[in-house]
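*Asks:* I have a structure here, written as structure tokens, and I will follow up with some questions on it.
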Amino acid sequence: MRRRLVALGAALLVGLLLPTPVSAQEDGQRPQGAVLRVGLQQQIDSLNPFLGYSLAATDIFRAIYPTLTTYNAQDFGVEPELAERWESTPDKLTWTFHIRPGVTWSDGAPVTARDAAYTYNRMMSDPAAATANGNFVENFEQVTAPDDQTLVIRTKTPQATMLAIDAPIVPEHVWSKVTDVANFANDQMPVVGSGPYTLTGYRAEQDVTLTANPRFWRGAPKVAELQFIQFKNSDAAVQALRKGDVDVVQKLTPAQYDALADQPDIKQVKGQGRRFYEMILNPGATNSENQPIGTGHPALKDLRVRQAIDLGIDRKALVDRVLGGYGQVGGGYLPPIFSDYHWNPPQPRTFDPAAANRMLDEAGYARGPDGIRRTPQGEPLNFDFVLHGDEASDAQVGEFVKRWLADLGINVALQPVSDNQLNDRTTAGDFDMVISGWSANPDPDYVLRLQTCGARPTPDGNGTPDTLQCDPVYDDLYNKQLAEFDPAKRIELVKQLQSRFYEQATGLVLYYGNSLEAYRSDRYNGFQLQPATEGVITGQQGYWGYYGAEPTEQAVNGSGGTDYTTVAWVLGGLVVVIVLVGAVVVVRRRATADDRE
């Protein structure tokens, strides 16, 4: 009887907890044409383009909102987007962008230079609006729109990234009514945009629906509707792909990718990734006011200890055994996909436990009776290593690192935590070692800035820092590259920056993983990869992958799998029911290191 009551209670809870699935088009009025369904295993941290910076969110923003310029699909070269042309004064302090005429928002209002000026000025004056992309406007002195087609930006000092302002431009007539950006969800449908798609449906933690924008200046896409369906793990997403319930799946594990080889109607895509996978060593964290923060072990302030740890890590083993060979050994800060800026250490710290032990001996960190080294003051080298609790690769890396550092007389305690806990602890400096990683852009300025003193968190804990280092030498090189317009000279400065970062060993780049994807070839073809050689479909620097998709007759006629959005709701509801048996916990997940753009 008890079991029957529990089952009945669970069924009732499912009915109560699951809202009726709401399509982007009510009453079955779906758009005519194909629906492209993309399986996500990453967090959409916000639909607000001023706040969202996860990979999933920025992927969506690029399909909805314009930017002044974009990166082409062939080789990441800069090309016109909302701005059809531009020029600067000889001193490179004043830039004039000429806005493309005839572009409209999805509600029919014209897109003008005043929208761009409003967006940048809001970012310059409202700290909340600068959350995701404030670095792009930090050096702006004044932004004006003398007329609807002319945008004028004056910078404080020359800024070499003026053609790489990757901040979404929003409609002034909509956003000027938003008084509190920090708490604005931007989830009232439809959301006004001007890209190839318009945001028309959203169910938190479940799916996002975009509908083709017939007003898009390049022409409406061939896909009528684009759905991003969220899965709790990649296994569920792959199973949905096999069944035909989704059309594209990203972030495949090596085992999943290999298992899809020669599968009927499924095509694999292996591209170079834009991400670096990194282990951060707490260098003695401070905030933007130079006040000490966090709980980092004092031994990690010693450069010799950090470099010795680096010598104790076998990157080749990680690529072979964690990535299954689908990746490259880490070294410089920027991934190999950006060949101009990629840098390899001329004398890398390759795996050498004997050298690492000698370095620690010479630095005065003697082993105690238990084999654990001590600081000269007698404190044992017991380090906590904070990992993403739901990432299999983190668990594997953690076990390898624990074993390798034990050979150096360093005791490592693995601490798998939730995504939001990892993010909070990283920002607070509450770690000894922690896993991190970011996606780099074709212009590397965004991720290079993460290692500057200015990227450290504020006293109230806000910010998106990476290693929490503050190195005047690095900052000087960073400022020089930002002001350098000669491409060859800037490349050299960026490589010097990476050399300095490598020398400091606050962030150990372990590897660059390949991007592994798969799609239903019976439903879609013609995906535009970026870059054209060894590129990918999802997570691009633009909307090319989705915009170029060509549906087959099967996709147009809607004879694919089931409506997986409904299934996802049911699965999500069952998970909630199971949780409610024990307790009710409401958590707003934030973007994690693995999700970050």
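Under full-length UniProt numbering, the first residue of the sequence shown is numbered 1, with each subsequent residue one higher. Idealized CB from N, CA, C, for every residue including glycine. Keep in mind the model is a prediction, meaning the values are calculated, not measured.
Can you give, in chain order, each stretch of the alpha helix (DSSP H) that sits fully within the segment 232 to 285 and has at least 4 residues?
*Replies:* The segment 232 to 285 contains these whole alpha helix (DSSP H) runs: 234 to 243, 254 to 259.
*Asks:* By the three-class DSSP mapping on this structure, what secondary structure does residue 473 have?
*Replies:* As a position in the sequence shown, residue 473 is number 473, starting the count at 1. DSSP places residue 473 in helix when its eight states are reduced to three.
*Asks:* Of all the alpha helix (DSSP H) runs that stay within the bounds of the segment 55 to 93, which reach a length of 4 or more residues?
*Replies:* Complete alpha helix (DSSP H) runs here, min 4: 55 to 64.
*Asks:* If you measure between the beta carbons of residue 228 and residue 437, is that distance less than 8 Å?
*Replies:* Here the question's residue 228 lines up with position 228 in the sequence shown. Here the question's residue 437 lines up with position 437 in the sequence shown. Not a contact, by the Cβ cut-off of 8 Å.
*Asks:* For residue 99, which option in 89, 90, 109, 80 has the closest C-alpha, if you only look at C-alpha atoms?
*Replies:* Here residue 99 refers to the residue found at position 99 of the sequence shown. Out of 89, 90, 109, 80, 80 has the C-alpha closest to the C-alpha of residue 99.
*Asks:* Which same chain residues, not among the five before or five after residue 293, have their C-beta less than 7 Å away from its C-beta?
*Replies:* Position 293 of the sequence shown, counted from the first residue, corresponds to residue 293. Cβ neighbours of residue 293 beyond the five flanking positions: 285, 286, 287, 428, 429.
*Asks:* Could you check if residue 87 is buried or exposed, using at least 16 other CB atoms within 10 Å of its CB as the buried criterion?
*Replies:* Working through the sequence shown from its first residue, we reach residue 87 at position 87. Residue 87 is exposed by the Cβ-count criterion.
*Asks:* For residue 405, which residues from the same chain have a beta carbon less than 7 Å from its beta carbon, with the 5 sequence-adjacent residues on both sides left out?
*Replies:* As a first step, residue 405 must be located in the sequence shown, where it is residue number 405. Around residue 405: 309, 312, 412.
*Asks:* Which of the three DSSP states, helix, strand or coil, is assigned to residue 491?
*Replies:* Along the sequence shown, one-based indexing puts residue 491 at 491. Reduced to three states, the DSSP call for residue 491 is helix.
*Asks:* Between which residues of its own chain and residue 234 is the CB-CB distance below 8 Å, once the five residues before and five after are set aside?
*Replies:* If you number the sequence shown from 1, residue 234 lands on position 234. For residue 234, where only same-chain residues beyond five positions count, the Cβ hits under 8 Å are 41, 249, 251, 252, 253, 256.
*Asks:* Taking 8 Å as the threshold, find out whether the segment 324 to 341 comes into contact with the segment 395 to 402 through three or more Cβ pairs.
*Replies:* Cβ pair count under 8 Å is below three, so no.
*Asks:* Mind checking which residues open and close the alpha helix (DSSP H) that includes residue 119?
*Replies:* The residue you call residue 119 lines up with position 119 of the sequence shown. 113 to 125 is the extent of the alpha helix (DSSP H) around residue 119.
*Asks:* So the beta strand (DSSP E) residue 34 belongs to, where does it begin and stop?
*Replies:* As a working mapping, residue 34 is identified with position 34 in the sequence shown. Here the beta strand (DSSP E) through residue 34 covers 34 to 40.
*Asks:* Note down the Cα distance separating residue 527 from residue 274, rounded to an integer number of angstroms.
*Replies:* Taking the sequence shown and counting its residues from 1, the one referred to as residue 527 is at position 527. Taking the sequence shown and counting its residues from 1, the one referred to as residue 274 is at position 274. Those two C-alpha atoms are separated by around 19 Å.
*Asks:* Measuring from the CB of residue 379, is there a heavy atom of the ligand SAM at a distance below 7 Å?
*Replies:* Among the ligands in the structure shown, none appear at all, so the ligand SAM cannot be discussed.
*Asks:* CB residue 102 to CB residue 217, shorter than 8 Å?
*Replies:* Mapped onto the sequence shown, residue 102 falls at position 102. Mapped onto the sequence shown, residue 217 falls at position 217. Yes.
*Asks:* Tell me the DSSP bridge mates of residue 383?
*Replies:* By one-based count along the sequence shown, residue 383 stands at place 383. Answer is 412.
*Asks:* Using beta-carbon positions only, say whether residue 431 and residue 384 come within less than 8 Å of one another.
*Replies:* As a working note, residue 431 is residue 431 in the sequence shown. As a working note, residue 384 is residue 384 in the sequence shown. A contact, by the Cβ cut-off of 8 Å.
*Asks:* With distance defined between alpha-carbon atoms, name the residue in 407, 496, 171 nearest to residue 448.
*Replies:* By 1-based counting over the sequence shown, the position of residue 448 is 448. Ranking 407, 496, 171 by Cα distance to residue 448 puts 496 first.
*Asks:* Among the residues of its own chain, which have a CB less than 6 Å from the CB of residue 8, if the five just before and after it don't count?
*Replies:* For the purposes of this step, residue 8 is taken as the residue at position 8 of the sequence shown. With a pLDDT of 34 at residue 8, under the threshold of 50, the modelled position of this residue cannot be trusted; read the value that follows with caution. Cβ within range, chain order: n/a, list empty.
*Asks:* Buried or exposed for residue 85, going by 16 or more other Cβ atoms inside 10 Å?
*Replies:* Translated into positions along the sequence shown, residue 85 becomes position 85. With fewer than 16 other Cβ atoms within 10 Å, it is exposed.
*Asks:* If residue 221 and residue 196 are in contact, beta carbons under 8 Å, what's the gap, nearest whole angstrom?
*Replies:* In the sequence shown, residue 221 corresponds to position 221, counting from 1. In the sequence shown, residue 196 corresponds to position 196, counting from 1. Confirmed, about 5 Å.
*Asks:* Per DSSP, what kind of secondary structure is residue 374 in: helix, strand or coil?
*Replies:* By 1-based counting over the sequence shown, the position of residue 374 is 374. Three-state DSSP puts residue 374 in a strand.
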